[in-house]
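Asks: Numbering (the numbering used here), first residue to last: 1220 to 1406. Using N, Cα and C, we set each Cβ at its ideal position, and we do this for glycine too.
(1) Could you give the uninterrupted runs of the beta strand (DSSP E) lying entirely in the stretch 1331-1363, keeping only those of 3 residues or more?
(2) Within a Cβ cutoff of 8 Å, which residues of the same chain sit near residue 1309, ignoring the five residues on either side of it in sequence?
(3) Tell me the DSSP bridge mates of residue 1302?
(4) With DSSP collapsed to three states, give me the class of residue 1384.
(5) Can you check which of these residues, 1265, 1367 and 1313, is closest to residue 1379 by C-alpha distance?
(6) Only counting the same chain, and skipping five residues up and downstream in sequence, which positions put a Cβ closer than 6 Å to that of residue 1369?
(7) Let me know if residue 1314 comes out buried or exposed under the rule of 16 or more other beta-carbons within 10 Å of its beta-carbon.
(8) Please classify residue 1233: does DSSP put it in a helix, a strand, or coil?
(9) Using the three-state DSSP reduction, which class does residue 1401 fall into: helix, strand or coil?
(10) Would you kindly check if the distance between the Cβ of residue 1261 and the Cβ of residue 1318 is under 9 Å?
(11) Helix, strand or coil for residue 1278, going by three-state DSSP, please let me know.
(12) Give the secondary structure of residue 1329 by DSSP, where H, G and I count as helix, E and B as strand, and everything else as coil.
(13) Using only the alpha-carbon positions, how far apart do residue 1381 and residue 1297 sit?
(14) Taking the continuous beta strand (DSSP E) assigned at residue 1262, which residues delimit it?
(15) For a quick check, are the C-beta atoms of residue 1294 and residue 1263 less than 9 Å apart?
(16) Are there 16 or more other CB atoms within 10 angstroms of the CB of residue 1388, so buried, or fewer, so exposed?
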């Protein structure tokens, strides 16, 4: 499924985005379309818990996929991923050109990292990727945040987005800052 020398799987050119696909348009001057005949996607965090399953689903649907991961390990079906350390480098613009949808799942989670590492990867790298995606003409940018971005709950009842407080831990704060930065730049 992967093209030689890269992580871009290209089964066939006629692909459907699917009935359930909804995404926010990151360019205010473009109309949001809920359906497309093709979907060329780039996914960060491809070998993570959510990324593995999303890659599988996108490839099963017939999408073209550029998969990026911190490790550069292969996907379960043997498709390669491109190694990318978001703490040290940005996604190269050539990987974003011609992409319809960016799924940004990569980040530091469930680790005892320095506060500055959360800030750099979960906040700053997210904003840099969104900006580069916009400049490259990417139509949709989908950011996977975290419930931790909602801050601490007052009780154990379900909450909605209006019931948030500023997160106190570095992980939650970095995800919240990414959300706020994306909202400020692209809303």
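Replies: The answer reads as follows:
(1) 1359-1362
(2) 1344, 1347, 1348 and 1351
(3) 1288
(4) coil
(5) 1367
(6) 1383
(7) buried
(8) Legend: pLDDT at residue 1233 = 25, less than 50; position of this residue unreliable, value from coordinates given subsequently. Coil.
(9) helix
(10) yes
(11) helix
(12) coil
(13) 43 Å
(14) 1259-1263
(15) no
(16) exposed
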